[in-house]
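K.L.:
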Amino acid sequence: MKPALNKPVIFYGSGFPTLLLKEVKRFYKVAFQTVAAPVLTAVLYLMIFGHVLEGKEVYGRLNYTAFLIPGLVMMSVLQNAFANTSSSLIQSKVTGNLVFV
325 MKPALNKPVI FYGSGFPTLL LKEVKRFYKV AFQTVAAPVL TAVLYLMIFG HVLEGKEVYG
385 RLNYTAFLIP GLVMMSVLQN AFANTSSSLI QSKVTGNLVF V
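Structural data, given as structure tokens:
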């Protein structure tokens with residue numbers, strides 16, 4: 325007697341699409357944490373440092389805010405890339421899906 329399958333198997337035998345689907349679902353579950361938290365952090369940094377160093381010139385006629393924004397964007401991207409990857413690996417390790425790490 326075969327057990328009834330409630331959900332069809334979408335990606336049988338392929339690891340990458342399965343992992344991609346799992347990570348996209350996890351991303352949507354924690355979308356606020358993934359998107360809004362880095363934006364809020366960057367805005368807070370911009371408000372604090374932009375207010376404190378408002379009249380300073382960094383290079384030539386470039387003001388400090390124009391110098392700060394690309395750095396804040398890259399900081400948020402790199403920090404989010406590390407945080408999402410590490411939390412996903414730890415979660416997989418704790419749930420038993422990832423054994424050899």
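For the sequence shown, our numbering begins at 325 and goes up steadily by one. We put the CB at the ideal spot given by N, CA and C, even for glycine.
1) According to DSSP, is residue 378 part of a helix, a strand, or is it coil?
2) What number of angstroms, rounded off, separates the C-alpha of residue 390 from the C-alpha of residue 340?
3) Would the beta-carbon of residue 396 fall within 7 angstroms of that of residue 366?
4) Output the distance between the C-alpha atoms of residue 416 and residue 371, rounded to the nearest integer angstrom.
5) Residues in its own chain within less than 7 angstroms of residue 408 by CB, not counting five upstream and five downstream?
6) Quick one: Cα of residue 406 to Cα of residue 412, how far?
7) If you reduce the DSSP assignment to three classes, tell me which class residue 404 lands in.
8) Suppose contacts are defined by Cβ-Cβ distances below 7 angstroms. Is residue 380 in contact with residue 388 by that definition?
9) Please give the ranges of any alpha helix (DSSP H) in the region 334 to 364, keeping only runs that are unbroken, at least 4 residues long and fully inside the region.
P.N.:
Short version:
1) coil
2) 40 angstroms
3) yes
4) 37 angstroms
5) 358
6) 10 angstroms
7) helix
8) yes
9) 339 to 353
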